[in-house]
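A short write-up of the structure that comes next.
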Amino acid sequence: MGNGSTELITWIDHLLVRESIATPIPTFGRWTDQPLETGKRVDMFQLHEMPGFELDVDAFVRFVRARGSRAAVVCNPNNPDGGYVPRREIVRLLYRAGSPARQCGGARPRMGRRGSPAHRDPP
18 MGNGSTELIT
28 WIDHLLVRES
38 IATPIPTFGR
48 WTDQPLETGK
58 RVDMFQLHEM
68 PGFELDVDAF
78 VRFVRARGSR
88 AAVVCNPNNP
98 DGGYVPRREI
108 VRLLYRAGSP
118 ARQCGGARPR
128 MGRRGSPAHR
138 DPP
């Protein structure tokens, strides 16, 4: 438990991120700022506006491996764009990335784009 996402990200950075972290961008700025402030390398995987800042899980895993990132984080639903990665894709990401990956789910599961799966109850 923590006093909001900024405090939790700070603790995650201090306790779990050793050398480097990969994250898709755009993302909540604290995921890039906090590790940089503590001297870690932040590997930023650029998402593109077209097609709607969608995360290509396979491309992200290749990026994490190529960069040698020691941790990875995906905001879901994403802040600031509201993009949502379905649970099956997050699970697939964890299996494909292997042990270095850490996944921190969205604290606000109903904040995805209107009409996205984040606005519907999970199956």
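For the sequence shown, the residue numbers in the numbering used here are 18 to 140.
No residue lacks a Cβ here, since even glycine has one placed at the ideal position from N, Cα and C.
Cβ neighbours of residue 31 within its own chain (closer than 8 Å, five residues either side excluded): 55.
Judged by DSSP in its simplified three-state form, residue 89 adopts strand. If only complete runs of 3 or more residues are kept, the region 45-81 shows the beta strand (DSSP E) at 58-63, in order along the chain. The beta carbons of residue 107 and residue 95 sit about 12 Å from each other, so the pair does not count as a contact at 8 Å.
Here residue 40 is bridged, per DSSP, to 61.
The criterion of a C-beta distance shorter than 8 Å is not satisfied by residue 91 and residue 57. In this chain, residue 102 is not harboured by any alpha helix (DSSP H), its DSSP state being neither H nor E. 51 is the residue among 51, 43, 39, 42 whose C-alpha sits nearest the C-alpha of residue 23.
For residue 84, same chain residues with a beta-carbon under 7 Å away, outside a window of 5 residues either side, are 39, 60 in chain order. With a cutoff of 8 Å on beta-carbon distance, residue 28 and residue 21 are scored as not near each other. By the CB criterion at 8 Å, residue 43 and residue 72 fall outside the cutoff. In this structure residue 45 does not touch residue 62 by the C-beta definition: roughly 15 Å separates them, more than the 8 Å allowed.
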